[in-house]
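All remarks here apply to the structure that follows.
Residue numbers (the numbering used here): 21 to 585.
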């Protein structure tokens with residue numbers, strides 16, 4: 021009791037007034053796990069005269085927690101007073117008329133000295149690992165702990181995490197005030213679960229072929245395992261290794277099996293389907309349009325060209341070059357004109373492509389005119405003008421292409437005499453040739469008549485060695501011409517129709533000898549043909565040729581046959 025309070029008491033009540041016995045400090049064991057408190061009981065002893073209506077009040081930190089009446093010369097018991105874990109200071113006051121006249125103080129210490137109790141700890145455990153280093157929890161082992169002053173004592177493990185295998189583990193329960201209890205067990209961590217695939221293609225991977233033999237394909241495949249590292253390996257249906265980061269697949273369908281294996285050999289697999297297809301048409305390369313001149317003498321030309329075809333995925337692409345569906349090749353003969361050449365190809369996937377170009381062969385070769393260097397034509401004996409064409413002039417034409425050519429010659433009408441004629445021809449391609457030569461027009465042969473005694477249509481019988489009178493009338497358009505020169509040109513000794521010798525042409529002199537020239541006599545020409553120097557054999561046969569000549573005219577020939585009697 022403080023001295024100030026004692027002085028107050030003595031002044032008011034004197035030496036025989038009330039008193040409170042000192043109260044000892046109290047130590048209590050925590051007995052409430054929820055609130056972590058202890059129920060404390062204590063007794064207050066009062067002696068002396070107690071004022072009427074006085075009360076005993078218990079307070080903590082200025083707050084009244086218990087109020088009781090204060091009987092004189094008695095003990096007043098208090099409790100249970102709920103005191104939390106730790107040290108609490110209490111004051112007990114005797115209060116009269118609202119005034120505290122006595123005061124005692126004491127401390128209550130609530131402590132926890134009881135260790136937690138572990139429950140459910142087995143001698144050994146076998147657990148499935150949950151990580152490369154599995155952290156231990158009470159729930160996975162079925163371990164619990166109770167405590168007198170802690171609703172949830174902490175349970176720890178040493179070591180706190182386990183790798184695969186068996187290890188001794190110390191289990192410790194610790195309450196809030198640090199009291200501990202421990203137990204030892206052996207825990208075996210095992211891995212019986214195969215890795216689980218978390219990422220992999222679920223639909224067929226379709227790639228366009230990018231070259232021989234196919235396409236590079238990559239994909240993502242991932243698997244996890246609770247207990248550690250996963251080894252991933254992939255292979256195709258033929259057992260060839262496949263790298264998910266990039267592997268070349270040939271054209272077609274492929275099944276890739278990826279297997280994930282954990283550290284203890286547990287494995288799981290997934291199938292990934294890959295299809296490499298070719299939807300790209302070949303590329304056909306053709307030259308630009310080609311224009312060439314015809315080969316000499318040909319209605320066309322052999323033409324060289326280069327056609328190529330490439331395909332990303334078909335190294336054996338076959339390019340077909342054709343004209344109108346018929347195959348052609350470089351160096352083939354192409355006719356004059358324009359020919360469309362088509363190059364086409366179909367790859368092994370059925371993709372097709374085609375391209376075309378034109379080959380134009382130009383006819384640059386002129387027609388060939390064949391004409392005489394000069395020509396003599398014969399009109400009638402009167403010298404009439406002649407209408408002439410190429411055939412009349414012995415002009416022919418050939419062309420490498422054009423079979424229907426017309427040769428035009430000028431002038432087309434010729435009179436007797438010499439005229440320079442020009443002939444031209446143009447083929448369908450516009451190529452032109454020309455030539456020129458002199459043409460001489462001669463007047464035609466005269467009409468003639470053998471007069472008695474000779475017959476030009478039968479053998480004439482004569483006596484061997486006798487003179488034969490030859491009489492010839494020469495006319496043109498039934499008009500006798502006295503200006504010609506008529507001669508005995510030739511006498512041929514014949515056996516049958518075979519010539520065996522030529523006889524001498526000799527005038528017998530009976531008609532004024534002028535050699536072989538026949539003499540004009542009135543409206544006829546005559547000649548006394550001497551036969552005395554000829555073959556005198558009976559039956560000897562002679563063919564006599566007479567020639568009629570005049571400038572500007574062609575010679576006229578008359579023949580008759582003499583036979584020796």
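Beta carbons: idealized from backbone N, C-alpha and C, even for Gly.
For residue 206, tell me which candidate among 235, 161, 166 and 248 has the shortest Cα-Cα distance. For the purposes of this step, residue 206 is taken as the residue at position 186 of the chain shown. Nearest option by C-alpha distance: 161.
Quick one: using the 10 Å Cβ neighbour count with 16 as the cut-off for buried, is residue 533 buried or exposed? Here the question's residue 533 lines up with position 513 in the chain shown. Residue placement at residue 533 cannot be trusted, given a pLDDT of 43 that sits under 50; the coordinates are not used to answer.
What do you reckon, are the CB atoms on residue 94 and residue 74 nearer than 8 Å? Sequence index remark: in the chain shown, residue 94 carries index 74 (1-based). Sequence index remark: in the chain shown, residue 74 carries index 54 (1-based). Taking 8 Å as the Cβ cut-off, residue 94 and residue 74 do not qualify as a contacting pair.
Return the CA-CA distance between residue 549 and residue 510, expressed in angstroms with no decimal places. The sequence position of residue 549 within the chain shown is 529, counting from 1. The sequence position of residue 510 within the chain shown is 490, counting from 1. The alpha-carbon atoms of residue 549 and residue 510 are separated by roughly 11 Å.
For residue 569, the three-state DSSP class (helix, strand or coil): Position 549 of the chain shown, counted from the first residue, corresponds to residue 569. Of the three classes helix, strand and coil, the one that applies to residue 569 here is strand, per DSSP.
On the three-state DSSP scale, how would you describe residue 411? By one-based count along the chain shown, residue 411 stands at place 391. Residue state, collapsed to three classes: coil.
Excluding five sequence neighbours on each side, which residues of the same chain lie with their C-beta closer than 6 Å to the C-beta of residue 583? Locating residue 583 in the chain shown gives position 563, counting from the first residue. Same-chain partners within the cutoff: 479, 481 and 561.
On the DSSP bridge list, what partners appear for residue 61? Residue mapping note: residue 61 aligns to position 41 of the chain shown, counting from 1. Answer is none; residue 61 lacks a bridge partner.
How many angstroms separate the CA atom of residue 40 from the CA atom of residue 78? Here residue 40 is taken as the residue at index 20 of the chain shown, counted from 1. Here residue 78 is taken as the residue at index 58 of the chain shown, counted from 1. Each residue's alpha carbon lies about 13 Å from the other.
Apart from the five residues on each side of it in sequence, which residues of its chain come closer than 6 Å, Cβ to Cβ, to residue 466? Sequence index remark: in the chain shown, residue 466 carries index 446 (1-based). Cβ neighbours of residue 466 beyond the five flanking positions: 401, 494, 496, 568 and 576.
Is residue 432 close to chain D, meaning its C-beta is less than 8 Å from at least one C-beta of that chain? Included in the structure is just one protein chain, with no chain D present.
On the premise that residue 523 lies in contact with residue 608, defined as a C-beta separation below 8 Å, what is that separation, rounded to the nearest angstrom? It is not possible to answer for residue 608, since the shown part of the chain is limited to 21 through 585.
For residue 169 and residue 54, the rounded distance between their alpha carbons: The residue you call residue 54 lines up with position 34 of the chain shown. The residue you call residue 169 lines up with position 149 of the chain shown. Spanning the two alpha carbons is a distance of roughly 7 Å.
Apart from the five residues just before and just after residue 617, which ones in its own chain have a Cβ nearer than 7 Å to its Cβ? Nothing about residue 617 can be read from this structure; the chain reaches only from 21 to 585.
May I ask you to report which of helix, strand or coil DSSP gives residue 563? The residue labelled residue 563 in the question sits at position 543 within the chain shown. In this structure, residue 563 counts as strand in the three-state DSSP scheme.
Do residue 327 and residue 363 have their CB atoms nearer than 8 Å? Your numbering for residue 327 matches position 307 in the chain shown. Your numbering for residue 363 matches position 343 in the chain shown. Contact: yes.
Along the alpha helix (DSSP H) that carries residue 161, what are the first and last residues, could you check? Mapped onto the chain shown, residue 161 falls at position 141. Note, residue 161: alpha helix (DSSP H), 158-161.
Can at least three beta-carbon pairs, one atom from the segment 215-223 and one from the segment 238-257, be found at a separation below 8 Å? By the Cβ test, the segment 215-223 is in contact with the segment 238-257, since at least three Cβ pairs between them sit closer than 8 Å.
Shortest alpha-carbon distance to residue 317 belongs to which of 282, 263, 309 and 383? Start at 1 with the first residue of the chain shown, and residue 317 comes out as number 297. The residue with the shortest Cα to Cα distance from residue 317 is 383.
Exposed unless 16 or more other CB atoms sit within 10 angstroms - verdict on residue 7: Residue 7 lies beyond the range of the chain shown here (21 to 585); nothing can be said about it.
Using DSSP's beta-bridge definition, name the partner residues of residue 254. One-based indexing of the chain shown puts residue 254 at position 234. 278, per the DSSP bridge assignment.
Tell me the rounded alpha-carbon separation between residue 516 and residue 477. In the chain shown, the residue the question calls residue 516 occupies position 496. In the chain shown, the residue the question calls residue 477 occupies position 457. C-alpha separation (whole angstroms): 16 Å.
Beta-carbon contacts of residue 490 that lie in its chain and below 6 Å, excluding the five residues immediately before and after: Along the chain shown, read from residue 1 onward, the residue named residue 490 stands at position 470. Closer than 6 Å at the Cβ level, and outside the excluded window around residue 490, lie 547 and 549.
Would you call the CB atoms of residue 92 and residue 66 closer than 8 Å? One-based indexing of the chain shown puts residue 92 at position 72. One-based indexing of the chain shown puts residue 66 at position 46. Yes; because the gap between Cβ atoms is below 8 Å, this pair is in contact.
So what's residue 110 in DSSP terms, helix, strand or just coil? Position 90 of the chain shown, counted from the first residue, corresponds to residue 110. Strand at residue 110.
For residue 236 and residue 230, I'd like the C-alpha separation in whole angstroms. Within the chain shown, the letter at position 216 stands for residue 236. Within the chain shown, the letter at position 210 stands for residue 230. About 8 Å.
Leaving out five residues before and five after residue 309 in sequence, what residues of the same chain have Cβ atoms less than 6 Å from its Cβ? The sequence position of residue 309 within the chain shown is 289, counting from 1. For residue 309, where only same-chain residues beyond five positions count, the Cβ hits under 6 Å are 377 and 378.
Pick from 203, 386 and 46 that is closest to residue 128, judged by C-alpha positions: Within the chain shown, the letter at position 108 stands for residue 128. Out of 203, 386 and 46, 46 has the C-alpha closest to the C-alpha of residue 128.
CB-CB under 6 Å to residue 350, same chain, minus the five flanking residues each way: which ones, in chain order? Locating residue 350 in the chain shown gives position 330, counting from the first residue. Contacts found: 324 and 325.
Could you compute how far the alpha carbon of residue 27 sits from the alpha carbon of residue 135? As a position in the chain shown, residue 27 is number 7, starting the count at 1. As a position in the chain shown, residue 135 is number 115, starting the count at 1. Confidence at residue 27 is low in this model, with a pLDDT of 47, below 50, so the placement of that residue is unreliable and no value is reported for it.
Comparing C-alpha positions only, which one of 341, 258, 461 and 140 sits nearest to residue 399? Stepping through the chain shown from its first residue, residue 399 is reached at position 379. Residue 461 is the option with its Cα nearest to residue 399.
Closer than 7 Å: is that where the CB of residue 409 sits relative to any heavy atom of the ligand PLP? In the structure shown, the ligand PLP is absent, as is every other ligand, since no ligand is present at all.
Straight-line Cα distance separating residue 164 from residue 172: If you number the chain shown from 1, residue 172 lands on position 152. If you number the chain shown from 1, residue 164 lands on position 144. Those two C-alpha atoms are separated by around 9 Å.
How would you call residue 177, buried or exposed, if buried means at least 16 neighbouring beta carbons within 10 angstroms? If you number the chain shown from 1, residue 177 lands on position 157. By the neighbour-count rule (16 or more Cβ atoms within 10 Å), residue 177 is buried.
For the segment 250-267 against the segment 138-158, do three or more pairs of beta-carbon atoms, one drawn from each stretch, fall closer than 8 Å, so that the two count as touching? Counting Cβ pairs under 8 Å, fewer than three are found: no touch.
Cα-Cα, which of 468, 287 and 580 is closest to residue 500? For the purposes of this step, residue 500 is taken as residue 480 along the chain shown, with counting starting at 1. Selected option, being the one with the closest Cα: 468.
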